[in-house]
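Residue numbers (the UniProt record's numbering): 1 to 844.
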Amino acid sequence: MNNHSTPRVAPTKETLYMQLLPPELWLQIFYWGTLQSNHSRGRTLAAEFVSGKIWPPKPDTPLEVTISQTCVYFRRLAVEDKSLWTTIRLDATCRLSDIRRRIHRSTPLTLDVDIDLLFEGAPNQYPMLNAAMDLLMAESTRWRRLRVRIYVERMHLPLEPRLRLCRAPKLQSLSLKVTVIGSVDPTTLLSTPQILLNGAPALIFARLRGVALKHCRPPVHSLVTLHLDGTQYTTIPFSTFSNMLGASPNLCNLSIFGNIVERQAWTDQNIILLPNLLSLRLCSHSGFMYSSFLLGTNAPKLKYLILKGIQSDMDLERLWSGRDGRDRTFPVEHLTFIDFNLSTFAYSKLFRIFPGIVGHASLRTLHTESHLVQALLTPEGGGNETSAPPWPELQHLQLAFNQTCKSSSILPRLIELREEQCLPLAQVSLIFSPDEADELDTPSIPIHFTRSVLQQLLTTYGYAFADDQNGPHTDHDDIFLVFMTQPLNTTNFVNWALWNAGYIGGSVLARLLERHDINDYIITALVRSPEKADKLKELGVNAVVGSHSDEAFMESVASEADVVIATADADDLGAAQATLRGLKRRYEATGKAPIFIHTSGTGVLADDSAGDPASTAQDIVYSDADANQIETLPDSRLHRNVDLEIVRADKEGKTYIVLPSTIYGIATGVLVDRGIQNAHSLQVPAIVRASLIRGRAGMIGQGKNTWPDVSIIDISNLFVTLFGAIIKDPSSVGHGREGFYFGETAEHTMYEVGLAVGESMVALGKASDPTPTTFTQNEVDKFFQGSNYLGTNSRCRANRSRAIGWAPIHTKKDFLESIKKEVEILAKYPTQVHEEYFAKQSKL
């Protein structure tokens with residue numbers, strides 16, 4: 001079963017059955033078959049297989065490609081699917097024919113190119129490597145991501161001259177690591193940019209390591225995220241540094257690891273304006289960099305700040321007085337220190353410089369005394385305990401174990417004091433390495449309270465106590481993710497799939513694209529039209545064209561995703577089952593439980609009152625925190641069959657169900673502007689359209705039935721809040737039968753809706769009387785497919801949703817005011833009936 005003996009025969013009934021076997025099994029068959037080969041590569045594979053080096057396969061090689069040599073079926077599958085060949089890796093072990101094959105088979109899709117020449121091979125390999133680099137450079141118009149790692153850039157393998165004139169209109173992510181550069185044109189040292197001079201307008205993420213900062217700077221105008229890493233031995237002129245940042249008006253996230261600019265260059269320099277900077281990380285080997293950068297820049301929107309490697313108070317001393325002798329304040333809300341050593345005095349100064357801190361983390365402290373906690377116990381100005389406390393807005397506190405626990409029990413005093421001052425902390429996190437966690441239960445360790453005492457204290461005040469099983473965090477890139485309030489193991493959730501970019505899905509996608517760490521994820525959106533797919537790709541989103549009815553397709557896409565957010569159809573059982581099968585395959589292939597967030601609806605709670613005020617069901621209010629109450633719902637309820645299937649699947653992955661109520665508001669944003677996203681909801685526009693056609697506002701029955709409502713902004717925030725809570729602390733977020741999350745902010749009766757519609761129609765001259773009247777049965781049949789769905793009761797409270805941090809901002813007043821805008825817009829266009837939507841509700 002090796003790659004030399006597999007016969008090239010047309011598929012027959014006998015060979016096609018092989019597609020039914022799991023691809024993972026065929027991968028193992030392929031490797032075992034290769035072991036039987038006498039070919040030298042077979043012997044190499046045999047040794048690697050025995051040692052475990054080739055299992056699982058490389059993450060940049062799609063499974064179907066790896067097993068394409070096992071049989072005709074998989075070979076044909078791999079050749080015909082262009083998307084399997086879009087990742088191209090060049091290193092000293094590659095063959096030129098492999099590069100050509102991938103380029104040919106992936107045309108015309110975008111490419112993810114990885115050039116790894118940290119080991120460049122023997123001189124006789126240089127011609128092949130140069131030819132391969134030329135092939136890849138010729139495809140620069142197709143690049144989506146480019147990562148280059150070269151130890152020494154020399155004349156025989158030049159990189160910078162090749163990149164200089166490249167045109168990369170689709171390039172979104174660029175990572176360059178160059179340790180040593182052989183020869184360079186000195187006239188280019190001060191110029192910015194130095195590479196991609198023919199344009200990279202879509203470039204939003206760049207990481208420059210080593211001397212790449214000095215010799216390989218790309219265009220920066222469109223950058224959103226910039227990492228300047230490993231630059232501790234690389235400095236550039238202040239003017240070059242200033243011009244580079246000043247030419248990045250869209251820059252939101254900046255990370256600097258090194259000194260970048262010499263100390264004397266910062267004196268009396270003009271301030272660098274960074275108008276949209278939201279997050280900043282600084283790690284310097286010389287203390288001057290911290291104060292110099294903070295005082296030398298103006299970032300009015302800066303919210304997140306990490307300072308790494310502060311060794312003494314002297315590193316921040318210039319901040320105490322600023323340039324004009326007075327304290328300068330910064331708008332930072334989330335402050336993180338890593339590898340630091342500050343005194344209580346320094347912290348008291350920081351409280352004034354950063355007065356609005358909401359979240360603070362101190363990680364890998366170099367000091368065993370808890371100066372931070374001691375400073376937080378000291379009232380501002382040194383007054384008595386009734387004086388204003390430091391950081392009055394502080395909600396989240398994250399501390400390293402050796403900062404608080406080995407020296408004293410002042411942490412309990414801090415928690416109690418904040419409670420007494422009516423400024424309780426919302427969350428306290430203690431980070432332990434495995435060894436430190438064990439020490440807490442060891443009597444020989446001289447600490448003032450044991451693990452159990454600390455756990456009891458935190459539990460008393462409602463805080464969580466958890467060990468950090470990953471141990472101390474040493475990679476500064478991971479720390480940057482913590483700083484962005486993301487999990488240290490973010491790579492567990494790299495690939496996202498979003499089913500449908502419609503009214504809800506489009507709004508959720510828009511919120512996801514606003515995340516600071518969005519470039520650390522790969523988002524794939526499923527859409528129905530190639531036109532929308534092309535528009536999404538322009539925004540940096542992978543888009544696949546398909547239908548929910550194609551279950552094999554749904555399963556395939558889901559099998560490549562770590563996270564699936566399904567927002568398209570709450571009643572498509574086949575699509576849900578296909579997605580679950582795909583996620584099960586993902587789990588079996590990776591060993592990591594994927595996340596499935598499904599969109600249902602509070603229609604599952606609806607009764608059959610038809611607007612009758614005497615309905616006893618109107619008094620039933622469901623809580624999403626009461627799983628037992630939810631389980632009393634009949635299996636025949638709307639959405640219920642799909643919900644139950646998803647709950648059952650929680651054993652093989654983590655499943656969550658979001659249940660929006662009556663969603664209102666006209667969606668806005670880049671997806672709407674580009675014609676990708678539907679801007680309107682369903683329920684209220686359906687009533688508006690029917691009322692406009694009949695010339696008077698209407699309602700089902702007497703309109704006394706009650707429904708909850710939620711704005712499109714608040715419900716999309718619920719999805720993002722839920723995902724953030726899951727990746728931050730999965731154990732604290734309910735899933736499966738405990739994983740129902742209602743989206744509600746207020747309640748309304750349908751009479752109130754009808755009256756708001758009527759008043760708006762009168763104001764527009766579309767009706768003479770604002771009072772709604774009952775839809776006749778003929779009108780119900782005509783406008784709503786005979787369904788009394790809009791006359792049902794659906795009452796709930798989003799207790800679980802709010803418990804995970806969801807904080808909706810809109811009210812019933814906003815809901816009623818939104819109806820006026822819906823009427824104004826829909827009155828301008830030909831009316832239509834949502835036949836497909838109400839056909840699903842007609843069984844009610």
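Backbone N, C-alpha and C define an ideal beta-carbon position, used for all residues, glycine too.
Contacting residues, own chain, Cβ-Cβ under 6 Å from Val-178 (five flanking each side not counted): Ile-150, Glu-153, Gly-210, Val-211 and Ala-212
Exposed unless 16 or more other CB atoms sit within 10 angstroms - verdict on Asn-38: Annotation note: pLDDT 40 at Asn-38 (below 50); position unreliable, coordinate value reported separately. Per the 10 Å Cβ criterion, exposed.
As assigned by DSSP and simplified to three states, the class of Lys-301: coil
Neighbourhood of residue 861 by C-beta, 6 Å cutoff - its chain only, sequence neighbours within 5 removed: Any answer about residue 861 is impossible in this case: the structure gives the chain only from 1 up to 844.
Cut-off 7 Å between Cβ atoms - residues of its own chain near Ala-200, not counting five sequence neighbours on either side: Ala-168, Leu-171, Pro-218 and Pro-219
From Thr-706, Gly-734, Trp-806 and Arg-694, residue whose alpha carbon lies closest to that of Asp-769: Arg-694
Residue closest to Glu-738, alpha-carbon to alpha-carbon, out of Pro-161, Ala-798 and Gly-540: Ala-798
Selected residue, minimal CA-CA separation from Thr-773, among Gly-669, Ala-697 and Arg-207: Ala-697
Among Asp-534, Leu-526, Leu-539 and Ser-529, the one whose alpha carbon lies nearest that of Ala-510: Leu-539
Given 8 Å, three or more beta-carbon pairs between the region 728 to 742 and the region 646 to 654: yes
Beta bridge counterpart(s) of Phe-742 as assigned by DSSP: Leu-659.
The region 800 to 818 contacting the region 737 to 756, beta-carbon criterion three pairs below 8 Å: yes
Cβ neighbours of Gly-502 in the same chain (closer than 8 Å, five flanking residues each side left out): Thr-567, Ala-568, Gln-677 and Asn-678
Cβ separation of Tyr-304 and Ser-284, assumed to be a contact under 8 Å, to the nearest whole Å: Incorrect: roughly 18 Å between the Cβ atoms, too far for contact.
Alpha helix (DSSP H) segment containing Ser-106, residue limits: For Ser-106, the enclosing alpha helix (DSSP H) stretches over residues 96 to 106.
Of the residues Pro-390, Pro-660 and Ser-623, the one placed nearest Ile-597, counting alpha carbons only: Pro-660
Euclidean distance between Cα positions of Ala-131 and Arg-207: The alpha-carbon atoms of Ala-131 and Arg-207 are separated by roughly 26 Å.
Between the CA atoms of Ala-807 and Ala-756 - distance to the nearest angstrom: 26 Å
Sufficient close CB pairs (3 or more, under 8 Å) joining the region 718 to 729 to the region 665 to 674: no
Straight-line gap, Asn-717 to Val-508 (C-alpha atoms, nearest Å): Between the C-alpha atoms of Asn-717 and Val-508 there is a straight-line separation of about 7 Å.
Ordered list of alpha helix (DSSP H) runs contained in the region 175 to 259, each at least 4 residues: 212 to 215 and 238 to 246
Spatial distance of Ser-408 from Leu-638 (CA atoms): The pLDDT assigned to Ser-408 is 49, lower than 50, so where the model puts this residue is not dependable, and the model offers no usable value.
Which residues DSSP lists as bridging Gln-398, in chain order: Ala-361 and Ser-429
Integer Cβ distance of Leu-319 from Ile-353, believed to fall under 8 Å: Between Ile-353 and Leu-319 the Cβ distance is about 6 Å, and since that is below 8 Å, they are a contact.
Backbone CA spacing between Lys-821 and Ser-732 [nearest angstrom]: 40 Å
Extent of the continuous beta strand (DSSP E) to which Leu-117 belongs: Looking at the DSSP string, the run of the beta strand (DSSP E) that includes Leu-117 is 111 to 117.
Cutoff 6 Å; reference Val-762; Cβ partners in own chain excluding five residues on either side: Pro-770
Close Cβ partners of Asp-643 (< 7 Å) along its chain, the five nearest in sequence each way excluded: Ser-600, Val-604 and Ile-657
One or two residues paired with His-748 in a DSSP bridge: Trp-707
Pro-300 to Val-332 span [Cα, whole Å]: Rounded to the nearest angstrom, the two C-alpha atoms are 9 Å apart.
Backbone CA spacing between Ala-690 and Phe-742 [nearest angstrom]: C-alpha separation (whole angstroms): 28 Å.
Under the three-state DSSP convention, the category Arg-689 falls into: helix
Close-in-space but distant-in-sequence residues of the same chain around Ala-578 (CB under 6 Å, 5 per side omitted): Glu-551, Met-554 and Glu-555
Alpha-carbon spacing of Ile-712 relative to Thr-234, whole angstroms: 48 Å
Inter-residue spacing [alpha-carbon to alpha-carbon] between Tyr-126 and Ser-175: 23 Å
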